[in-house]
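Undergrad: Residues 378 to 978 (the numbering used here) make up the sequence shown, in order.
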Amino acid sequence: METKTDKHLLRGGQFLVKETSCEEIFTPEDFNDEQKMMRDSVKEFVEREIWPNKEEFEKKNYALTEEIMQKAGELGFLGVAVPEEYDGLGMGFVSTMLVCDYISGATGSIATAFGAHTGIGTMPITLYGTEEQKKKYVPKLATGEWFGAYCLTEPGAGSDANSGKTKAVLSEDGKYYSISGQKMWISNAGFANVFIVFARIENDKNITGFIVENDPDNGISFGEEEKKLGIHSSSTRQVFFNETRVPVENMLSERGNGFKIAMNALNVGRIKLAAASLDAQRRVTDLAVKYANERVQFDTPIAKFGAIKSKLAEMATSAYAGESASYRAAKNIEDRINIRLENGNSHAEAELKGVEEYAIECSILKVACSEDIQNCSDEGIQIFGGMGFSADTPMESAWRDARIARIYEGTNEINRMLTVGMLVKKAMKGHVDLLGPATAVADELTGIPSMEKPDYAELFAEEKEMIAKLKKVFLMTAGSAVQKFGPQLEEHQQLLLASADILIEIYMAESTILRAEKNAKRFGENEQKEQIAMAKLYLYHAVDTISQKAKEGIVSFAEGDEQRMMLMGLKRFTKYQNQPNVVELRNIIAEKLTAENKYCF
Numbered sequence: 378m379e380t381k382t383d384k385h386l387l388r389g390g391q392f393l394v395k396e397t398s399c400e401e402i403f404t405p406e407d408f409n410d411e412q413k414m415m416r417d418s419v420k421e422f423v424e425r426e427i428w429p430n431k432e433e434f435e436k437k438n439y440a441l442t443e444e445i446m447q448k449a450g451e452l453g454f455l456g457v458a459v460p461e462e463y464d465g466l467g468m469g470f471v472s473t474m475l476v477c478d479y480i481s482g483a484t485g486s487i488a489t490a491f492g493a494h495t496g497i498g499t500m501p502i503t504l505y506g507t508e509e510q511k512k513k514y515v516p517k518l519a520t521g522e523w524f525g526a527y528c529l530t531e532p533g534a535g536s537d538a539n540s541g542k543t544k545a546v547l548s549e550d551g552k553y554y555s556i557s558g559q560k561m562w563i564s565n566a567g568f569a570n571v572f573i574v575f576a577r578i579e580n581d582k583n584i585t586g587f588i589v590e591n592d593p594d595n596g597i598s599f600g601e602e603e604k605k606l607g608i609h610s611s612s613t614r615q616v617f618f619n620e621t622r623v624p625v626e627n628m629l630s631e632r633g634n635g636f637k638i639a640m641n642a643l644n645v646g647r648i649k650l651a652a653a654s655l656d657a658q659r660r661v662t663d664l665a666v667k668y669a670n671e672r673v674q675f676d677t678p679i680a681k682f683g684a685i686k687s688k689l690a691e692m693a694t695s696a697y698a699g700e701s702a703s704y705r706a707a708k709n710i711e712d713r714i715n716i717r718l719e720n721g722n723s724h725a726e727a728e729l730k731g732v733e734e735y736a737i738e739c740s741i742l743k744v745a746c747s748e749d750i751q752n753c754s755d756e757g758i759q760i761f762g763g764m765g766f767s768a769d770t771p772m773e774s775a776w777r778d779a780r781i782a783r784i785y786e787g788t789n790e791i792n793r794m795l796t797v798g799m800l801v802k803k804a805m806k807g808h809v810d811l812l813g814p815a816t817a818v819a820d821e822l823t824g825i826p827s828m829e830k831p832d833y834a835e836l837f838a839e840e841k842e843m844i845a846k847l848k849k850v851f852l853m854t855a856g857s858a859v860q861k862f863g864p865q866l867e868e869h870q871q872l873l874l875a876s877a878d879i880l881i882e883i884y885m886a887e888s889t890i891l892r893a894e895k896n897a898k899r900f901g902e903n904e905q906k907e908q909i910a911m912a913k914l915y916l917y918h919a920v921d922t923i924s925q926k927a928k929e930g931i932v933s934f935a936e937g938d939e940q941r942m943m944l945m946g947l948k949r950f951t952k953y954q955n956q957p958n959v960v961e962l963r964n965i966i967a968e969k970l971t972a973e974n975k976y977c978f
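1) For the candidate residues 491, 651 and 953, whose alpha-carbon lies nearest to that of residue 569?
2) I'd like the ranges of any beta strand (DSSP E) spanning at least 3 consecutive residues and lying wholly in the region 493-554.
3) At what residues does the beta strand (DSSP E) containing residue 672 begin and finish?
4) Is it buried or exposed for residue 385, if we count other Cβ within 10 angstroms and need 16 for buried?
5) Does DSSP classify residue 325 as helix, strand or coil?
6) List the residues that DSSP assigns as beta-bridge partners of residue 678.
7) Any idea which residues DSSP pairs residue 979 with across the strands?
8) According to the neighbour-count rule (16 or more other Cβ atoms, all chains shown, within 10 Å of its Cβ), is residue 955 buried or exposed?
9) Give a yes or no on whether the C-beta atoms belonging to residue 837 and residue 883 are separated by under 8 Å.
10) Hey, which unbroken runs of the alpha helix (DSSP H) at 4 residues or more fall wholly within the region 751-816?
11) Drop a sphere of 10 angstroms on the beta-carbon of residue 405, count the other beta-carbons inside from all chains shown, and report buried for 16 or more, exposed for fewer.
12) Just to confirm, is the Cβ distance from residue 658 to residue 753 under 8 Å?
13) Between which two residues does the alpha helix (DSSP H) harbouring residue 908 extend?
14) Taking the alpha carbon of residue 784 as the reference point, which residue from 536, 725, 477 and 755 has its own alpha carbon closest?
15) Residue 831 by DSSP, collapsed to three states: which one?
16) Can you find the residues in the same chain that come closer than 8 Å, C-beta to C-beta, to residue 426, ignoring five residues on each side of it along the sequence?
17) Can you look up residue 620 in the DSSP assignment and give me helix, strand or coil?
18) State the Cα-Cα distance for the pair residue 731 and residue 717, rounded to the nearest angstrom.
19) Kindly indicate which three-state DSSP category residue 486 falls into: helix, strand or coil?
20) With distances taken Cα to Cα, identify the nearest neighbour of residue 541 among 654, 574 and 625.
21) Which residues in the same chain as residue 397 place their Cβ atom closer than 8 Å to its Cβ, once the five residues preceding and following it in sequence are excluded?
22) Measure the C-alpha to C-alpha separation of residue 839 and residue 677 and round it to an integer number of angstroms.
23) Take residue 476 as the anchor and find which of 514, 654 and 516 has the nearest alpha-carbon.
24) Give every residue of the same chain whose Cβ lies closer than 7 Å to the Cβ of residue 740, excluding the five residues on either side of it in the sequence, and list them in chain order.
25) How about the region 635-642 and the region 584-591: do they share at least three Cβ pairs that are nearer than 8 Å?
26) Is the separation between the beta-carbon of residue 692 and that of residue 669 shorter than 8 Å?
27) Just checking my contact of residue 625 with residue 551 at CB under 8 Å: how many whole Å lie between their CB atoms?
28) On the CB-based measure, 16 or more other CB atoms within 10 Å of its CB, does residue 422 come out buried or exposed?
29) Whose C-alpha, out of 966, 977, 698 and 395, is nearest the C-alpha of residue 681?
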């Protein structure tokens, strides 16, 4: 497979200061034959094993979840990201995203069990384990013979993951650690054979990771299954360790490295959680379209009403945007991994560094896609009306299952603050040049704006110019805030949240436009008119959001002439020459959906 060279590949966060051409991005339409076959076999598995059992998952049938996971293991789905020498399929990052995407849409219970097992349950051993640890545990986890769980969160340590109180004490003979403490919200706890447990040795600054086998005779006990709003058949329990003996050779990586392991596992978890929200959106949109076509009121299918068309178009648009951005980032990560492999890095090192490079994008996607599936399922309930509120239709469970996605893998608030914090750190390290572009924008504000009428004859010419201007909004507002507050910026959380929303919308809107442009060029504009409409509609909303969030920031940290200057700049940078006809865009999208009677993009 041809890989991009290091100099052609954007670094994480560089999308903000560099222009990307549509030819440089990967889209779902670029899946190769192997990826399409994998997608189809996962879809077939879901339709055969998961979707018909939808009701059972709502009845807290934990045994069914375990049974489905075993079947997924037999088919190789649990080992997609595991190298072949440990009985996995050794597939590339895009393929692992794709399996996570399509296996997760039918119920949040399987999405959670799959994500917890393959991501945080198996991956830390694959990426940080010694050769002996990998040989001992990974083949069993890759094939579904064993299941994994991840014990990080404690009653007093949630977002502040490094503050855990669980202790690991070395025995006098130096042969084992004795682990004692309480872990909570442990997914797969009820059927896990092995736990990745984080504990503190003595008064170390950072926690340490351990591989702990589940043995009730070794001081391991469980709380009852948690009663939860959603993901009813996902086993979630407290796990108690009471002087649980763990051989010293089961330490994961080195002493004090647990926090790093936890943070890197979260980066992968975040982009995979974005993927896990995609098929759920497609499925909810599908069901909503079918219902709107069947449901007749006032002698008319409700799909013909403008109010319903608006909802369907917006649901499809956010799904299309989520796909566009998620697979763009996944391919960047895969390319970065391949470059490192070619340069002689080990699989583990290449994967870790490849994902870490795009940690900003991983957080952006986690926030955007988790919020989109919540909005999508909420509108799904609304289209179903009273039936949507009934547990006899799948909308209410979709809505309940979606709710956890904004809390998992670091809350959306934490992830928002991380995006801007990580970007500023990258700028300080010289990995992303923010200072040069921010200075140029500041100079532009004091200059005289060009009065030339631009030529927008080419598809997306104005939209791409709008994206470039929206990037200037971020540089103007965040640049001024960094200048004003320096390292203290992270104490101004509301400003960080506003800046993060600008950053998120830029990445999502740009990805959507680039996908639609790439496909219009290869399949013809006429074939892609609905996708073009979705890209324009997404951008329209992004401009509104960015305008509002930037204004909130500017009026909160700037005053006097500086504030006036920046507000004028904001107006200039968010101004369309030709406003899109929003109602017409929505109608184009909705009419295609209702004609095809499904999410068809």
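Ideal Cβ placement from N, Cα and C applies to all residues, glycine included.
Please read these numbers as outputs of a predicted model, since none were measured by experiment.
TA: Concretely, from the data shown:
1) Locating residue 569 in the sequence shown gives position 192, where the first residue counts as 1. Cα-wise, what sits closest to residue 569 is 491.
2) Secondary structure remark: continuous beta strand (DSSP E) runs of at least 3 residues inside the region 493-554, in chain order: 525-528 and 544-547.
3) The sequence position of residue 672 within the sequence shown is 295, counting from 1. For residue 672, no beta strand (DSSP E) encloses it, and the DSSP letter there is neither H nor E.
4) By one-based count along the sequence shown, residue 385 stands at place 8. Exposed, since its Cβ has fewer than 16 Cβ neighbours within 10 Å.
5) For residue 325 there is no data in the structure shown, the boundaries of the chain being 378 and 978.
6) The count along the sequence shown starts at 1 and reaches residue 678 at position 301. Paired residues: 673.
7) No information on residue 979 is available, as it lies outside the stretch 378 to 978 that the chain covers here.
8) What you label residue 955 is simply residue 578 of the sequence shown in a count that begins at 1. Under this definition residue 955 is an exposed residue.
9) Reading the sequence shown from its first residue, position 460 is the one you call residue 837. Reading the sequence shown from its first residue, position 506 is the one you call residue 883. Contact flag unset, no.
10) The DSSP assignment places complete alpha helix (DSSP H) segments of no fewer than 4 residues inside the region 751-816 at 772-779 and 789-806, in order along the chain.
11) Translated into the one-based positions of the sequence shown, residue 405 becomes position 28. Residue 405 should be labelled buried.
12) Within the sequence shown, the letter at position 281 stands for residue 658. Within the sequence shown, the letter at position 376 stands for residue 753. With contacts defined as CB atoms closer than 8 Å, residue 658 and residue 753 qualify as a contacting pair.
13) For the purposes of this step, residue 908 is identified with residue 531 of the sequence shown, where counting begins at 1. Element bounds for residue 908: 906-934.
14) The residue you call residue 784 lines up with position 407 of the sequence shown. Closest option to residue 784, Cα to Cα, is 536.
15) Taking the sequence shown and counting its residues from 1, the one referred to as residue 831 is at position 454. Correct three-state label for residue 831: coil.
16) Taking the first residue of the sequence shown as 1, we reach residue 426 at position 49. Non-local beta-carbon contacts of residue 426 in its own chain, meaning distances under 8 Å to residues more than five positions away in sequence, involve 445 and 448 in chain order.
17) Taking the sequence shown and counting its residues from 1, one reaches residue 620 at position 243. If DSSP states are grouped into helix, strand and coil, residue 620 belongs with the strands.
18) Here residue 731 refers to the residue found at position 354 of the sequence shown. Here residue 717 refers to the residue found at position 340 of the sequence shown. When rounded, the distance between both Cα atoms is 8 Å.
19) If you number the sequence shown from 1, residue 486 lands on position 109. Helix.
20) Taking the first residue of the sequence shown as 1, we reach residue 541 at position 164. Selection 654, 574 and 625 evaluated against residue 541 yields 574 as nearest (Cα-Cα).
21) Along the sequence shown, one-based indexing puts residue 397 at 20. Answer for residue 397: 387, 887 and 891, listed in chain order.
22) Taking the first residue of the sequence shown as 1, we reach residue 839 at position 462. Taking the first residue of the sequence shown as 1, we reach residue 677 at position 300. Answer to the nearest angstrom: the Cα atoms are 38 Å apart.
23) As a first step, residue 476 is located in the sequence shown; it is residue number 99 there, counting from the start. Of the candidates 514, 654 and 516, the one whose C-alpha sits nearest the C-alpha of residue 476 is 654.
24) By 1-based counting over the sequence shown, the position of residue 740 is 363. Here residue 740 has 647, 792, 795 and 796 as same chain residues with Cβ atoms under 7 Å from its own Cβ, once five neighbours each way along the sequence are excluded.
25) With a cut-off of 8 Å, the region 584-591 and the region 635-642 count as touching, because enough Cβ pairs lie within range.
26) Along the sequence shown, one-based indexing puts residue 692 at 315. Along the sequence shown, one-based indexing puts residue 669 at 292. In this structure, residue 669 does not lie closer than 8 Å to residue 692 by Cβ.
27) For the purposes of this step, residue 625 is taken as the residue at position 248 of the sequence shown. For the purposes of this step, residue 551 is taken as the residue at position 174 of the sequence shown. About 7 Å separates the two Cβ atoms, so the contact holds.
28) Start at 1 with the first residue of the sequence shown, and residue 422 comes out as number 45. A buried status is given to residue 422, since no fewer than 16 other beta-carbon atoms sit within 10 Å of its beta-carbon.
29) Looking up residue 681 in the sequence shown gives position 304. Ranked by Cα distance from residue 681, the first of 966, 977, 698 and 395 is 966.
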